[in-house]
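For the sequence shown, the working numbering begins at 2 and goes up steadily by one.
Report on the following structure.
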Amino acid sequence: MILLLNFFRNVPKELEEVAFVDGAGYFRTLILVLLPVSMPADTGITIIPLNGTIISPVNSVVTTITKSRHAIEIISNDGVEVLIYVGLDTVKMKGEGFSLKVLR
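So this is what it looks like as structure tokens:
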């Protein structure tokens, strides 16, 4: 939620003002203006595995594995592309600490 609040603060105020001029209240402005423009920001999720294992969230095919093994791209059977990105600053680890159970 904090990420969305920060995103909303950076949306140009003119977008909100135009909605208010057209007679929209705060809730209608949120639904019709702010949420649609925030779609790139709110389509990601964070998962913190308790056992240190990451498993694909969908039935999929692995399409890309980075050299540092910190990011894996998969495409679901329905054609949805998913990027699994492991941690912050994991590129600096140069693949150490990761054990992949999949081949390209």
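Yeah, the Cβ is synthetic: ideal placement off N, Cα and C, and Gly gets one too.
Check                                                                                                                                           : Outcome
Hey, would you say Thr-30 sits closer than 9 angstroms to Glu-17, going by beta carbons?                                                        : yes
For Val-34, which of Leu-51, Pro-13 and Asn-52 has the nearest alpha-carbon?                                                                    : Pro-13
For Glu-82, tell me which candidate among Phe-28, Thr-91 and Asn-60 has the shortest Cα-Cα distance.                                            : Asn-60
Straight-line CA distance for Asn-78 to Ser-57?                                                                                                 : 12 angstroms
Hey, could you find the ends of the alpha helix (DSSP H) Ala-25 is sitting in?                                                                  : First-last for Ala-25: undefined, no H or E at that position.
What does the Cβ neighbour count give for Ile-55, buried or exposed, with the cut at 16 atoms within 10 Å?                                      : exposed
In this structure, how does DSSP classify Val-82 when only helix, strand and coil are distinguished?                                            : The sequence as given places Glu at residue 82; Val does not occur at that position. Reduced to three states, the DSSP call for Glu-82 is strand.
How big is the Cα-Cα spacing for Tyr-27 and Leu-36?                                                                                             : 12 angstroms
Measure from the alpha carbon of His-71 to the alpha carbon of each residue in Val-19, Val-22, Arg-10 and Leu-101, then state which is nearest. : Leu-101
Have a look at Ile-76 and Val-87 and give me their C-alpha separation to the nearest angstrom.                                                  : 17 angstroms
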